[in-house]
Structures are given as structure tokens and as C-alpha cells.
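Protein chains in written order, with numbering that gives the first Met the number 0: chain A, 0 to 286; chain B, 0 to 449.
Here's the structure, in C-alpha cells; my notes come after.
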Amino acid sequence: MSAVINENAGSLDDVTDGAISIKDVVKIYDPDGAAVMAVDHCSIEIPAGEICMIVGPSGCGKTTLLNAIAGFHGITSGSIHLDGELLCGPQKPQAEPGSDRIVVFQNGALFPWKTNLDNIAFGPMMAGKMSKAEIYEKARGMMADAGLSGTENNYPGEVSSGLRRRVEIVRALMNDPKVLLFDEPYRALDSLTKSVMHEALLEIYYRNKVTIFFITHDLEEAIFLGHRLIIMSSRPCKPKKIVEVDIPHPRDYSVLTSTRFREIMNEAKDVVHEEAQKAFEAGEKEG
Amino acid sequence: MPDPANNSEILRALKSAMPFQMVPDNLIQEIAGICTQQSYDSGQKIYDLGDVADDVFIVVSGSVQHVLSTQTDAGKHEKTMRGGDVFGWAAVLEGQSTRLAVTVSIEPTQVLRINGKGLIQVFKSEPAVGDVVMTRFATLINREFYVPRSIADQVPSFKQALGASSLQGSEVTTMALTVYRISTWIKSPRPYLMLIGFAFFLGFWMLSVEVWQLPRFVDMPGPTEVFTEWFSEDPYYGLSVYTPEYYKHIGISLRRIAFAFFLATGLGVPLGLFLGWSKTFREFIFPLFEVLRPIPVLAWVPLAIIIFSGSETPVVFLTFLASFFATTLNTMLGVESIDESYSRAAYCLGASRWQTFVHVVIPGAMPYIFTGLQISIGVAWFSLVAGEMVSGQYGLGYVINTAYMMIEYPKIIIGMITLGVVGYTTSAMVRMMGDYLMQWRVRELALGDN
Chain A
0 MSAVINENAG
10 SLDDVTDGAI
20 SIKDVVKIYD
30 PDGAAVMAVD
40 HCSIEIPAGE
50 ICMIVGPSGC
60 GKTTLLNAIA
70 GFHGITSGSI
80 HLDGELLCGP
90 QKPQAEPGSD
100 RIVVFQNGAL
110 FPWKTNLDNI
120 AFGPMMAGKM
130 SKAEIYEKAR
140 GMMADAGLSG
150 TENNYPGEVS
160 SGLRRRVEIV
170 RALMNDPKVL
180 LFDEPYRALD
190 SLTKSVMHEA
200 LLEIYYRNKV
210 TIFFITHDLE
220 EAIFLGHRLI
230 IMSSRPCKPK
240 KIVEVDIPHP
250 RDYSVLTSTR
260 FREIMNEAKD
270 VVHEEAQKAF
280 EAGEKEG
Chain B
0 MPDPANNSEI
10 LRALKSAMPF
20 QMVPDNLIQE
30 IAGICTQQSY
40 DSGQKIYDLG
50 DVADDVFIVV
60 SGSVQHVLST
70 QTDAGKHEKT
80 MRGGDVFGWA
90 AVLEGQSTRL
100 AVTVSIEPTQ
110 VLRINGKGLI
120 QVFKSEPAVG
130 DVVMTRFATL
140 INREFYVPRS
150 IADQVPSFKQ
160 ALGASSLQGS
170 EVTTMALTVY
180 RISTWIKSPR
190 PYLMLIGFAF
200 FLGFWMLSVE
210 VWQLPRFVDM
220 PGPTEVFTEW
230 FSEDPYYGLS
240 VYTPEYYKHI
250 GISLRRIAFA
260 FFLATGLGVP
270 LGLFLGWSKT
280 FREFIFPLFE
290 VLRPIPVLAW
300 VPLAIIIFSG
310 SETPVVFLTF
320 LASFFATTLN
330 TMLGVESIDE
340 SYSRAAYCLG
350 ASRWQTFVHV
360 VIPGAMPYIF
370 TGLQISIGVA
380 WFSLVAGEMV
390 SGQYGLGYVI
400 NTAYMMIEYP
410 KIIIGMITLG
420 VVGYTTSAMV
430 RMMGDYLMQW
440 RVRELALGDN
């Protein structure tokens, strides 16, 4: 890996686009009169090109925040800006979904009826700004870079789940997005595949620096991938503790056994555990 | 001990080759240990047909002309190998000790040679990785040369004996899949159970009517009588496979079915798609639809005869009606069943609402649509016979009904069996059409079988 990736891999200096600014966001669900606060006065600043890991127990409202950025639903108050431009705010409760912010879904959302190549070509095809030949050429090139050559004409259902996740990331990157939004994409994978996926994701990231907003409840995953961990409190969701991960990029799996990794793990673990406990008890009460 | 600069070059070359891309670094190091580098001049032969197959080759730079022996029955014999391409795979095939191709370097070429036996040894230590590499190998061989399964099957497997798993990852063509399915079907107990089922039914019919002559079965024709009549050149009741009349009835029934089915599909699928897609449209149409749907086709008969003139249109209308409801409803359910993340993904990737409809909603609903069409063709036959019994001239329902009135009982059974056969055929055609249009699903299910 070190032969391919340059020394500059971890630096964010050359990244200019993709700064997210979340200010005082509140989201209240009101399904049947009983208002439930999912996100509570949440403010997060994410510099361009950062891998920002949002860590919290399942069901704490992290996905609500992600959906607000993606434009799948609105917010109750507050505002979200991307590179200074308003995505949603007081006058405009819901952002427009767009190819500058692409979501990689929890269960994967490759279209099973399109081949891997056609999935990857989908975004530019819809935009219609490039010719078909150009799009396919770019798609094949990006697939080759990501080690996906040979699976172009397979349908997603025919390849392994690890491979599918990579195809999905490449599909997002085809559109030159500013931000990638990951909604616990590796949740269903076994730990071995997961470790391969993490390295593959970093490798892709080093080649295409984009801001990554990554939701997870797996602390090891969070520390391995992230520049920064934002540990969320559970229900309502708001940042509770920010942990800087000062392990230099490029990283590979050897960092998992490093002392610094353990130190950061210890620093974050107690907070995460406490929140998980709270979420568990809240769940008990409701049940 | 290779020098480090050389070693990193070998590693890079290995990683550039498709089958090895997923191999973890420690294993790549091990493989690199059994690699040697070699250069060839322009026009130099690397190996010939029938040579001992010892090494696998990866092209580092330059290019190699690879001509596969005509004995391999491959779909494509010639290929130019360039940087990152792998050839010489005979060295790892099971039961293959000699070369299957001639290879000549076209320009000054650098290659990496990996000892085949050594490679298999390395993979035996890591069977999981070995299997991934070999599956990719099989895919590669299959894709680049369209070679028959017999060769791809020689690719060794480390975890388990290669059987159904050879299907995985390789390009499964419809034809190969059909052959594979038929061969497994014949090997399974299913066809024999099916024959036994038919035999039981025929036996019961024969015994109850012809041998025991049970009281309620007195007027019922036995199988001997029916089949003699059905295949008689000079049928007593005037209807057999030799009379043009028989085919006229089938033809007219089929024409009515085709008319009604295509009309129902043409109207029902778009209507179902819009019902599922637009909430407003659904509020407007669906309640009305739900009230009309439970009315049995037979209840429409008088109205159909009053509204439509002649004998043909009422029958087609009745046939259409049942099909239409089944198709529309299933299509609507199909749209509703689509996982929301697919349309969200499409919006994220910049698709407009209409593009999402075309690229996500329609293909996503396709499995349900075809389930609907299967039901639709079934109920079409049902309502057709009902319609033909009441109104109309010709048709299989008409045959059954008139045979009853004229006391020509064997004709009833001939009509019924014919309906069964023709009905089954049309529904098989609909299913095949669905498989053809949904290759992705066929391939997914084929893998799921393993």
C-alpha cells in the first residue's frame, strides 16, 4: 500500500470543498401528537476533507441528522450549510437531495437490476452532461482503481457483500461529490470482511479526498477510520464528547495494535458505554 | 533473497493482476517469493501447445499473443495479453499437465512467472483466500475465452469439492443455466415423483371408471375411451388431433386470450405503476377499483352481453376484466414494495422524479408485475371458459358446454385436458418472458440455489 500512496495522504490542506456546518439543529418527530425529540440543539463543524465519525448507540438519532443533510427529511429548527451555502434552515426546512452529498446506505442500495458498471454509470447518465462512451470509460477506470475489474457485467446480487459496498462507494465517487454520508454501511459484515473494507475505504479516500460523514456504533471502526470522533448522547441526539484521533494517515491495520490506538480507545470507551447504558435503559422503560 | 527494489516491483505486478487483487499482503509476499521475472524479445515463443504446464504468467510490460488450441472448444481463440493480464492457467488446472495454447511475445515483454504447484501450496495454507482467487480465475477464463465449463471446472478449489460453487462468480449465461438446471432436475427425484403423480391419477381414473365401474362414475368416459377418441383419425364424435376443427377451437380461444391478456397488460401495468407512484392518483382511483374488483366475472356476463354487440367482444371483455384487476393490483403492490433506499439513492445521484420512475420504480416493480401477469394469464383462462360457455361460438369452453348438451362426454374430457395443456403452456411462456427480462433475478436466484 505504501508504494501507491504518497506521504501527503493524511493531509487535508489540498481539500477546498465539502465543509459542513451544522448549527443548533433540532428535529422533533410528531407522529401522533406525542412529540419526540430526535435531535437536540446539535452543532457540529466539519472541515473540508475530514473523516468525521459520528458514534452513538443504535437508535440515538444519528441517522436523523444524516437524513437532514442528505435532504430526505426536514429539520424543525437550526440550519445546515455546505461550503457556506444554505442546505436547510429557517426559511427552507428541507434540503434538496443532490449529487454533491451522496449517501452510502446501511443495507446497500445498489440497483439489483443494473450491472455493476451501469450502477456506477448511473449518476452521470442521469445528469446527461457527458457522452455515454465517456461515462463508461470513466466508470471502468474507477472500477479498475478500486480493484473491481472483472465484475463490470455482474449484477450486484452475484458478487460478495464486501465487493458490493465498494461498488456503491465508487458509484458515489463517479459524481465528484463534496461529501459522502455513510449510514453504518459495514454493520452487516463479518469482522474479517469489515477490516478489508476499512482499508479499501481509506485507500479510496486517499485517492479522492472528500468529506466523510460516517455514522457507526463500532468504536474500533470509528478510531481506525476517523480524523475525529463525535460521540453522541442518546435520545435526543447531541454531541457529548469530541475525540481527536492523532494517529497519522495513511493508516493500515497495524495501527489497531498500537499504544496510541488503545489510549484513544480507553478515552472514548467510557463515554460510549455510558450512553449505550442510557439508551438501553430508555428502551427498557418504553418496552 | 531478492533485492527490495525488485521485490516491490514484483508485488506491484502481482497486485495489478485481477485474480490477486484481493489477496492480503502477507500472502502476496509469499507468492512473490516463488515468482521469477523473465524477459522475452519480440517474436519469441514463450510456450507451445503440449509443453509441460509448470508456471502461470503475469504480463508486467509489453504484450503477448495468446492462441488457444482449437481442441478446447473455446468461443474465442485469440487474445492479446497486456500489462496485468494473466495467462498460462493450465499450470493450476486439475488434471491438466500440458499447455492448451501457443504464446508468442509481440514486442519486448517482461513477465512474472509463478510456479503453479507452488501457488497451489500457498493457497492450501489459506483456503479462503485461495478460493476467492480461483473463483476470479474461473471468471477470467470464462470471460476472456468463453471456454466451456469442463475447463473452468478444472480450476482447483481449496475449501470444498468443486460442484455447484463453480457457478458462483463466473458469467452465467442463460443457455448454460438452462442446461445446468435441466441436468440437476433429471438427477433429482422430482421428475420421477411427477411421473408417479400422473400415473396415480390415471390409475385411479381407469380403476374407478373402467374396472370397478363405481355407481356415480357410470356416465363418465374412461381414459381408454377418451384417448382413443382424442387420437383417432376418424373420431366418433368428430373431434380429435386429426380434425381441423380441434385446432380451430384452440386457435380461437388462444386469440381471445391473447387479445384480452395484452389489453389487460397494456392498461393494467401503467395504471398500477401510477397508482403505486402517485398518492393523489391512488386516493382518486383506488377506492373505486377496490369496489369493482371483488365482483366475480360471472356477474358481469349479462352486462357484457347487453353492452357489447356480437358474440366475440363480450367474451374478450370478460376475459380482459379479471386479468386487468390482477395485473393492476400486483403492479401497484410491486411499486409499494420497493425499498425506499433505492429511490433515495437515485435522488442522491441526481436523478429527477421522472428518471427515478423509469430507472427505479419500473424495474423494481418488475418481479411483482410478472407475478401479477402469471395470475392474470391464469384467471384469463378461467374467465374465458366462463364466457365461452355462455356466449360465443367456437373455443374450448364452447366445446365443453356443447359436448355436455349433446351428451358427447369424451369431448368434455378432451376439451378439459386441452385447456390444461394450453393453459400451462401460456403461463410457462409468461414466466420465460419474465426470466428473459429479469436476468438479474435469474442470476441471483441461480446463486441462491447453492
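Yeah, the Cβ is synthetic: ideal placement off N, Cα and C, and Gly gets one too.
The structure presented is a predicted model; accordingly, all values stated were derived computationally and were not measured.
- For Asn152 (chain A), the closest of A:Phe181, A:Arg164, A:Ile241, A:Pro111 by C-alpha to C-alpha distance is A:Pro111.
- Secondary-structure assignment with DSSP links Asn329 (chain B) through no beta bridge to anything.
- In this structure the stretch 90-97 of chain A touches the stretch 62-76 of chain A; the number of beta carbon pairs closer than 8 Å is three or more.
- If you ignore the 5 residues before and after Thr35 (chain B), its C-beta comes within less than 6 Å of the C-beta of Arg112, all in its own chain and listed in chain order.
- In this structure, Ser76 (chain A) sits away from Leu85 (chain A), with a CB-CB distance that is not shorter than 8 Å.
- Residues of chain A with a Cβ closer than 8 Å to the Cβ of Gln95 (chain B) do not exist, since the nearest Cβ in that chain sits about 22 Å away.
- If only complete runs of 3 or more residues are kept, the stretch 237-276 of chain A shows the beta strand (DSSP E) at 238-243, in order along the chain.
- Around the Cβ of Asn25 (chain B), a 10 Å sphere holds fewer than 16 other Cβ atoms; the residue is exposed.
- In the assembly as shown, Trp353 (chain B) is an exposed residue. Its beta-carbon has fewer than 16 other beta-carbons within 10 Å.
- Per DSSP, the beta-bridge partners of Ser78 (chain A) are A:Lys22.
- Any Cβ of chain B closer than 8 Å to the Cβ of Asn174 (chain A) would place that residue at the interface, and such an atom is present.
- For the options B:Ile45, B:Lys116, B:Ala127, the alpha carbon positioned closest to that of Val101 (chain B) is the one of B:Ile45.
- Per DSSP, Leu200 (chain A) lies in no beta strand (DSSP E) segment; the continuous alpha helix (DSSP H) that holds it begins and ends at 190-206.
- The Cβ atoms of His197 (chain A) and Phe181 (chain A) do not sit closer than 8 Å to each other.
- In this structure, B:Ser207 is the residue among B:Gly237, B:Ile256, B:Ser207 with its C-alpha nearest to the C-alpha of Thr223 (chain B).
- Listed by position along chain B, the residues whose Cβ is nearer than 9 Å to that of Asn106 (chain A) are Asp338, Ser340.
- Listed along chain A, the residues sitting closer than 9 Å to Glu443 (chain B) by beta-carbon distance are Pro111, Tyr154, Pro155, Gly156, Glu157.
- Within the stretch 119-132 of chain A, Phe121, Gly122, Met125, Ala126 place their CB atoms closer than 7 Å to a CB of chain B, listed in sequence order.
- Excluding five sequence positions before and after Ile134 (chain A), the CB atoms of its chain that fall closer than 7 Å to its own CB belong to Ala120, Pro123, Met124, given in chain order.
- For the alpha helix (DSSP H) assignment, the uninterrupted runs of no fewer than 4 residues enclosed by the stretch 265-317 of chain B are, from N- to C-terminal side, 278-291, 300-306.
- Of all residues in the stretch 341-364 of chain B, those with a C-beta nearer than 8 Å to a C-beta of chain A are Tyr341, Arg343, Ala344, Ala345, Tyr346, Cys347, Leu348, Gly349, Ala350, Ser351, Gln354, His358, Val359, Pro362, Gly363, reading in chain order.
- At a cut-off of 8 Å between C-beta atoms, Gly77 (chain A) does not count as an interface residue with respect to chain B.
- As DSSP reads the structure, Ile53 (chain A) sits in a beta bridge with A:Ile214, A:Ile229.
- Taken through DSSP and simplified to helix, strand or coil, Thr114 (chain A) comes out as coil.
- In terms of Cβ geometry, Leu238 (chain B) and Phe319 (chain B) do not form a close pair [threshold 8 Å].
- By the neighbour-count criterion, in which 16 or more other beta carbons inside 10 Å mark a residue as buried, Leu297 (chain B) falls on the exposed side.
- Residue nearest to Ser310 (chain B) within the set B:Ile361, B:Val378, B:Gly386, B:Met80 is B:Gly386 (criterion: CA-CA distance).
- Its chain contains Ser160, Gly161, Arg164, Met196 as the residues whose beta carbon lies nearer than 8 Å to that of Leu188 (chain A), once the 5 sequence neighbours on both sides are disregarded; these appear in chain order.
- Distance from the CA of Val334 (chain B) to the CA of Val360 (chain B), rounded to the nearest whole angstrom, comes to 6 Å.
- Taking the C-beta atoms as reference points, Ile214 (chain A) is found nearer than 8 Å to Thr62 (chain A).
- Below the 8 Å Cβ cutoff, chain B contributes Arg343, Cys347 as neighbours of Ala69 (chain A), in chain order.
- For Ala379 (chain B), the enclosing alpha helix (DSSP H) starts and ends at 361-389.
- Residues of chain B whose Cβ lies closer than 8 Å to the Cβ of Pro96 (chain A) are, in chain order, Arg343, Tyr346, Cys347.
- Residue burial is scored here from C-beta neighbours: Gly49 (chain B) has fewer than 16 other C-beta atoms within 10 angstroms and is therefore classed as exposed.
- When B:Gln20, B:Pro234, B:Ser96 are compared, the shortest CA-CA separation from Ile413 (chain B) is found for B:Pro234.
- Contact with chain A is found for Trp439 (chain B), since one of that chain's Cβ atoms lies less than 8 Å from the residue's Cβ.
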